[in-house]
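There are 2 protein chains.
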Amino acid sequence: MTIQGTGTARPAGRPRSEKAEKAIIEATLDLIAEGMGVSELSIEAIASRAGVGKTTIYRRWSSKEDLVVDALATLKAPLPPLAGVSVRDDLITLLDAMRAESGNRRGRCVMNIAMSEADRHPRLTERFVQRAVEPRRRALREVLERGVASGELRPDLDVTLAMAILSGTMMWQSKWGPADGLPEDLAERVVDVVLAGMAPPAG
Amino acid sequence: MTIQGTGTARPAGRPRSEKAEKAIIEATLDLIAEGMGVSELSIEAIASRAGVGKTTIYRRWSSKEDLVVDALATLKAPLPPLAGVSVRDDLITLLDAMRAESGNRRGRCVMNIAMSEADRHPRLTERFVQRAVEPRRRALREVLERGVASGELRPDLDVTLAMAILSGTMMWQSKWGPADGLPEDLAERVVDVVLAGMAPPAG
Chain D
1 MTIQGTGTAR
11 PAGRPRSEKA
21 EKAIIEATLD
31 LIAEGMGVSE
41 LSIEAIASRA
51 GVGKTTIYRR
61 WSSKEDLVVD
71 ALATLKAPLP
81 PLAGVSVRDD
91 LITLLDAMRA
101 ESGNRRGRCV
111 MNIAMSEADR
121 HPRLTERFVQ
131 RAVEPRRRAL
141 REVLERGVAS
151 GELRPDLDVT
161 LAMAILSGTM
171 MWQSKWGPAD
181 GLPEDLAERV
191 VDVVLAGMAP
201 PAG
Chain C
1 MTIQGTGTAR
11 PAGRPRSEKA
21 EKAIIEATLD
31 LIAEGMGVSE
41 LSIEAIASRA
51 GVGKTTIYRR
61 WSSKEDLVVD
71 ALATLKAPLP
81 PLAGVSVRDD
91 LITLLDAMRA
101 ESGNRRGRCV
111 MNIAMSEADR
121 HPRLTERFVQ
131 RAVEPRRRAL
141 REVLERGVAS
151 GELRPDLDVT
161 LAMAILSGTM
171 MWQSKWGPAD
181 GLPEDLAERV
191 VDVVLAGMAP
201 PAG
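Here it is in structure tokens:
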């Protein structure tokens, strides 16, 4: 199906705005997943893959970077709601959201490629981090700080380090863990080892 | 300095075997670091950058994959010797080697790019993992198993999960940690939190 008519009147079959937007986002992700790095990616290639005109893209995004940031952000699931009762439970909820996300093969692949280019596209990376990574970090930090305040966690806990341990473990699992999906109880097991510690209980 | 003479006799200044090998490895890493993905990388481009003939490369490596695996392996520091006395100390030694490695900016960049292509080059990734990642994993596993056996670690510790926690934390740090280098005492702090746990001591 070609979308643009040759006449001046808009053809009746023209996809509605959201439909075109979705096609553009999908085309962007597909092209990255197929190995077209962010540098090589062009609005032209995206337009052609999405079956839309370049102006349709430029009407929504002022640059390739903006479009890529939006496309990558769609790969992130929304932050899960937290019960706010037990710190252990909230940590499991947050880590389990990371686990679920990593089950998306294409998402993983695209994210790997995009992030590997961080050094070459610092502005893009920074915006993506602000948009999609920071809200999760903030949620994790808040839960940990709540735990320190409530006594569920050590009073002297280095919260930033704790964040690195929890997120890093899930990141490692999604990179090196079983290709056919991470175990359902992974988040719970990680949180329990990390809370209790690897050393034997004292006494 | 140009390396190849124009005459037929070998110029006296022609680099010896190891020198050519080093130039080829460096050229490979440079090209990857500059953004030429593994797919686009060609023996031709490497030869031209290294200032050697293609046959010089083919004499040592039968394929591009072999050369890339060797080049990536040079980015990994050798495994540090372990004292074998305290499990805590040996874990710190292993994690500190990961920290030191991530201080190498080009190495980090190249590794990111190469690993981002894992999905597209499974054979290459597998060989690299066997060559450069497995020995470290084995060392980490041995230390943890020794700790379980000696009672320095919990008898019911999930060693595979513990490996993911320790390596993942360092991986996260080298990806998201401060760009100007990771703190000197990072490995020690990570090991201590992970051994003691984030929960307050019982009793």
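Note that the protein sequences, when read in sequence, are chains D and C. In this text, residue positions in the first sequence follow UniProt numbering: the first is 1, and each later residue adds one. In this text, residue positions in the second sequence follow UniProt numbering: the first is 1, and each later residue adds one. Glycine included, C-beta positions come from ideal geometry on N, C-alpha and C.
Inter-residue spacing [alpha-carbon to alpha-carbon] between GLY13 (chain C) and LYS76 (chain D) = Stepping through the second sequence from its first residue, residue 13 (chain C) is reached at position 13. Stepping through the first sequence from its first residue, residue 76 (chain D) is reached at position 76. The pLDDT assigned to GLY13 (chain C) is 48, lower than 50, so where the model puts this residue is not dependable; a value taken from the coordinates is nonetheless given after this. Rounded to the nearest angstrom, the gap between the Cα atoms of GLY13 (chain C) and LYS76 (chain D) is 56 Å.
Report the three-state DSSP secondary structure of ASN62 (chain D) (helix, strand or coil).
-> For the purposes of this step, residue 62 (chain D) is taken as the residue at position 62 of the first sequence. Reading off the sequence shown, one finds Ser at residue 62 (chain D), where the question assumed Asn. Of the three classes helix, strand and coil, the one that applies to SER62 (chain D) here is coil, per DSSP.
Taking Cβ positions, are ARG154 (chain C) and MET163 (chain D) nearer each other than 8 Å?
-> Here residue 154 (chain C) is taken as the residue at index 154 of the second sequence, counted from 1. Here residue 163 (chain D) is taken as the residue at index 163 of the first sequence, counted from 1. For ARG154 (chain C) and MET163 (chain D), no; Cβs fall outside 8 Å.
Within its chain, find whatever has a CB closer than 7 Å to the CB of ILE92 (chain D); leave out the 5 residues flanking it on each side and keep chain order.
-> Stepping through the first sequence from its first residue, residue 92 (chain D) is reached at position 92. Hits under 7 Å: ALA187, GLU188 and VAL191.
If you check the beta carbons only, do ALA27 (chain D) and ILE43 (chain D) fall under 8 Å apart?
-> Your numbering for residue 27 (chain D) matches position 27 in the first sequence. Your numbering for residue 43 (chain D) matches position 43 in the first sequence. Contact flag unset, no.
Is GLN130 (chain D) buried or exposed, if buried means 16 or more other CB atoms sit within 10 Å of its CB?
-> Your numbering for residue 130 (chain D) matches position 130 in the first sequence. Flag for GLN130 (chain D) reads exposed.
Contact set between GLN173 (chain C) and chain D, taken where Cβ atoms lie within less than 8 Å = In the second sequence, counting from the first residue as 1, residue 173 (chain C) sits at position 173. Chain D residues near GLN173 (chain C): ALA164 and GLY168.
Do ARG141 (chain C) and VAL159 (chain C) have their C-beta atoms within less than 8 Å of each other?
-> Your numbering for residue 141 (chain C) matches position 141 in the second sequence. Your numbering for residue 159 (chain C) matches position 159 in the second sequence. Contact: yes.
Going by beta carbon distance, what residues of the same chain come within less than 8 Å of THR74 (chain C), once the five residues before and after it are set aside?
-> Within the second sequence, the letter at position 74 stands for residue 74 (chain C). So the list reads ILE25 and LEU29, once near-sequence residues are dropped.
Look up ASP70 (chain C) in the DSSP assignment and say whether it is helix, strand or coil.
-> Stepping through the second sequence from its first residue, residue 70 (chain C) is reached at position 70. Looking at ASP70 (chain C) - three-state DSSP - the assignment turns out to be helix.
Starting from the N-terminal side, write out each stretch of the alpha helix (DSSP H) that is 4 residues or longer and does not extend beyond the stretch 86-125 of chain C.
-> Taken in chain order, the whole alpha helix (DSSP H) runs of length 4 or more contained in the stretch 86-125 of chain C are 87-102 and 105-116.
Counting contacts by CB-CB distance shorter than 8 Å, is VAL193 (chain C) in contact with chain D?
-> Indexing the second sequence from 1 puts residue 193 (chain C) at position 193. Yes, VAL193 (chain C) counts as interfacial toward chain D.
Ignore the nearest five residues each way along the sequence and tell me which others in ARG99 (chain C)'s own chain have a CB closer than 6 Å to its CB.
-> In the second sequence, residue 99 (chain C) corresponds to position 99, counting from 1. Once the five neighbours on either side are set aside, the close Cβ partners of ARG99 (chain C) are LEU182, LEU186 and ALA187.
When we look at the beta-carbon of ARG108 (chain D) and count the other beta-carbons within 10 Å, is it buried (16 or more) or exposed?
-> Locating residue 108 (chain D) in the first sequence gives position 108, counting from the first residue. Counting Cβ neighbours within 10 Å, ARG108 (chain D) comes out buried, since at least 16 surround it.
Three-state class that DSSP yields for VAL190 (chain D) in the structure shown = As a working mapping, residue 190 (chain D) is identified with position 190 in the first sequence. VAL190 (chain D): helix per DSSP, three-state reduction.
CA-to-CA distance, ARG105 (chain D) to SER62 (chain D), given in whole angstroms | Walking along the first sequence from the start, residue 62 (chain D) turns up at place 62. Walking along the first sequence from the start, residue 105 (chain D) turns up at place 105. Distance between the alpha carbons of SER62 (chain D) and ARG105 (chain D) is about 29 Å.
Is the CB-CB distance between ASP90 (chain C) and VAL143 (chain C) below 8 Å?
-> Start at 1 with the first residue of the second sequence, and residue 90 (chain C) comes out as number 90. Start at 1 with the first residue of the second sequence, and residue 143 (chain C) comes out as number 143. It is a contact, given that the beta carbons lie within the stated cut-off.
GLN173 (chain C), enclosing alpha helix (DSSP H) - first and last residue = If you number the second sequence from 1, residue 173 (chain C) lands on position 173. Here the alpha helix (DSSP H) through GLN173 (chain C) covers 159-176.
Which residues bound the alpha helix (DSSP H) around PRO135 (chain C)?
-> As a working mapping, residue 135 (chain C) is identified with position 135 in the second sequence. Its alpha helix (DSSP H) spans residues 134-150.
Compute the beta-carbon to beta-carbon distance between VAL87 (chain C) and SER150 (chain C), rounded to the nearest angstrom, for a pair I have assumed lies under 8 Å.
-> One-based indexing of the second sequence puts residue 87 (chain C) at position 87. One-based indexing of the second sequence puts residue 150 (chain C) at position 150. Indeed they touch by this definition, with Cβ atoms about 7 Å apart.
Apart from the five residues on each side of it in sequence, which residues of its chain come closer than 7 Å, Cβ to Cβ, to HIS121 (chain D)?
-> As a first step, residue 121 (chain D) is located in the first sequence; it is residue number 121 there, counting from the start. For HIS121 (chain D), where only same-chain residues beyond five positions count, the Cβ hits under 7 Å are VAL38.
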